[in-house]
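Residue numbers (full-length UniProt numbering): 1 to 197. Beta carbons are placed, not taken as given, at the ideal position from N, Cα and C, and that holds for glycine.
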């Protein structure tokens, strides 16, 4: 069974268990989003201070200051996707941060809501309007679905994944790389590119 098939089955089972209904298009979107976030570079960014989780406020600022509607929509989509992923897969980690789960739920739901409104009058984007509308309206429930998927599939461990990734990025630790690989995260950047400049 491939990754996408596995994630599709896991998402559908969690939704059935939680009695959450969603369109097939929204389920496909969730599965594709999860598949993309298996690659660490989709979750973390390299900064002069090291490898960090991109702040949602920074993505919001990118959306507000975007040079084009496409760049704005891309920043909003990334903000919604990242908020949903982190809130669903790592809620315990968020509870130890200054900005907690409630913040991620609020920001992610708002990002998807903005996208729904942007695509409201676009026939060509009607499918996305519906997907983002459903994700916005049911955001906390989708967070619960992803949390169940995470718990069932060992997509995380008791280790703090962000700290584990930072350890690998800063030291090149092979042990950290193996642990990340077991969690389904493939650190792919060269170690030298992850050092602070």
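Can you name the start and end residues of the beta strand (DSSP E) that residue i belongs to?
i          : result
residue 52 : 50 to 53
residue 65 : Looking at the DSSP string, residue 65 is not in any beta strand (DSSP E), and its letter there is neither H nor E.
residue 44 : 44 to 47
With DSSP collapsed to three states, give me the class of residue i.
i           : result
residue 26  : helix
residue 159 : Low confidence applies here, because residue 159 scores a pLDDT of 42, under 50, leaving its location unreliable and the question unanswered by this model.
residue 186 : strand
Contact defined as beta carbons within less than 8 Å: I believe residue i pairs with residue j. What is the distance between those atoms, to the nearest angstrom?
i          : j           : result
residue 14 : residue 99  : Wrong, their Cβ atoms sit about 25 Å apart, outside the cutoff.
residue 76 : residue 114 : 5 Å
residue 29 : residue 131 : 5 Å
Are residue i and residue j touching if we call contact CB-CB under 7 Å?
i          : j           : result
residue 88 : residue 139 : no
residue 20 : residue 141 : yes
residue 96 : residue 116 : no
residue 40 : residue 185 : yes
residue 22 : residue 137 : no
Which first and last residues belong to the alpha helix (DSSP H) in which residue i is found?
i           : result
residue 102 : 101 to 118
residue 17  : 3 to 17
residue 129 : 126 to 137
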